[in-house]
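In the numbering used here, the protein residues as written are 58 to 225.
For each residue, glycine too, the CB sits at the ideal point set by N, CA and C.
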């Protein structure tokens, strides 16, 4: 079963919903096309449907027909705590970068109090490191959680990272 993750739209609950959609990938024989990078803050139906269609086709070619092609952007795998920094590891992260060669946008971290603050970040060896100077013991991270996200995390194939969080 292949599906499209909700794109970006000015709706406050969409970040959590997109994260729930990401978790469905734990079901065997599923694939998810990320569309948060083609959203429109005021239109539920993105105009660039061909991009989403191509991503779905690549999932089918890779997973159903075993073609050796890139079909997914970075997906949260696991997180290590390294002092005051969270090291976020991904699947499909070869060439982990940002679309604009700037810091990762729309990423936040929190301690055990679950009060999120915008995170500082760097990418080292396909691992995303995030921190905030006021959070000494970070525990949680979330990316792309705003309804209309400006998230810019991608891999070398230009496929965007999914919204993610380890909050639940």
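How big is the Cα-Cα spacing for residue 59 and residue 140? Here residue 59 refers to the residue found at position 2 of the chain shown. Here residue 140 refers to the residue found at position 83 of the chain shown. Residue 59 and residue 140: Cα-Cα distance of roughly 38 Å.
Are residue 92 and residue 63 touching if we call contact CB-CB under 9 Å? Your numbering for residue 92 matches position 35 in the chain shown. Your numbering for residue 63 matches position 6 in the chain shown. Closer than 9 Å, so yes.
*C-alpha distance - residue 176 paired with residue 187, whole-angstrom precision*: The residue you call residue 176 lines up with position 119 of the chain shown. The residue you call residue 187 lines up with position 130 of the chain shown. When rounded, the distance between both Cα atoms is 6 Å.
- Put residue 94 into one of helix, strand or coil per three-state DSSP. Sequence index remark: in the chain shown, residue 94 carries index 37 (1-based). Residue state, collapsed to three classes: helix.
Neighbourhood of residue 118 by C-beta distance below 8 Å, restricted to the same chain and skipping five residues each side
Working through the chain shown from its first residue, we reach residue 118 at position 61. Hits under 8 Å: 124, 126 and 128.
Segments assigned beta strand (DSSP E), at least 3 residues, entirely inside the stretch 89-149
132-139 and 142-148
Query raised in the report: How big is the Cα-Cα spacing for residue 195 and residue 144?
Result: If you number the chain shown from 1, residue 195 lands on position 138. If you number the chain shown from 1, residue 144 lands on position 87. If I take the Cα positions, the gap works out to 10 Å.
message = Our contact map puts residue 205 next to residue 67 with C-beta atoms below 8 Å; I'd like the distance itself, whole angstroms only.
response = Here the question's residue 205 lines up with position 148 in the chain shown. Here the question's residue 67 lines up with position 10 in the chain shown. Indeed, because the Cβ distance is near 5 Å, the residues count as touching under 8 Å.
N-terminal and C-terminal residue of the alpha helix (DSSP H) that residue 77 is part of: The count along the chain shown starts at 1 and reaches residue 77 at position 20. Taken as a continuous stretch (DSSP letters only), the alpha helix (DSSP H) holding residue 77 covers 71-80.
**Study point:** Where residue 83 falls: helix, strand or coil (DSSP)
**Key:** Translated into the one-based positions of the chain shown, residue 83 becomes position 26. Correct three-state label for residue 83: helix.
Q.
Just to confirm before moving on: does the CB-CB distance between residue 208 and residue 161 stay below 9 Å?
A. By one-based count along the chain shown, residue 208 stands at place 151. By one-based count along the chain shown, residue 161 stands at place 104. In this structure, residue 161 lies closer than 9 Å to residue 208 by Cβ.
### Task
Could you give the DSSP three-state label for residue 166: helix, strand or coil?
Within the chain shown, the letter at position 109 stands for residue 166. Of the three classes helix, strand and coil, the one that applies to residue 166 here is strand, per DSSP.
- Based on the DSSP secondary-structure assignment, which residues constitute the bridge partners of residue 210? Translated into positions along the chain shown, residue 210 becomes position 153. The partner list for residue 210 (beta bridge, DSSP) reads 155.
- Query: Are residue 218 and residue 197 closer than 9 Å when you measure CB to CB?
  - Reply: Numbered from 1 along the chain shown, position 161 holds the residue referred to as residue 218. Numbered from 1 along the chain shown, position 140 holds the residue referred to as residue 197. Not closer than 9 Å, so no.
Q.
Please state the DSSP three-state secondary structure of residue 179.
A. Translated into the one-based positions of the chain shown, residue 179 becomes position 122. Here residue 179 sits in strand by DSSP.
Do you know offhand how far residue 191's Cα is from residue 185's? Position 134 of the chain shown, counted from the first residue, corresponds to residue 191. Position 128 of the chain shown, counted from the first residue, corresponds to residue 185. Looking at the two C-alpha atoms, the distance is approximately 19 Å.
* **Whole-angstrom distance between residue 225 and residue 171, CA atom to CA atom** => Position 114 of the chain shown, counted from the first residue, corresponds to residue 171. Position 168 of the chain shown, counted from the first residue, corresponds to residue 225. Distance between the alpha carbons of residue 171 and residue 225 is about 11 Å.
| task | Using DSSP bridges, identify the partner residues of residue 191. | result | Translated into positions along the chain shown, residue 191 becomes position 134. None; residue 191 has no bridge partner.
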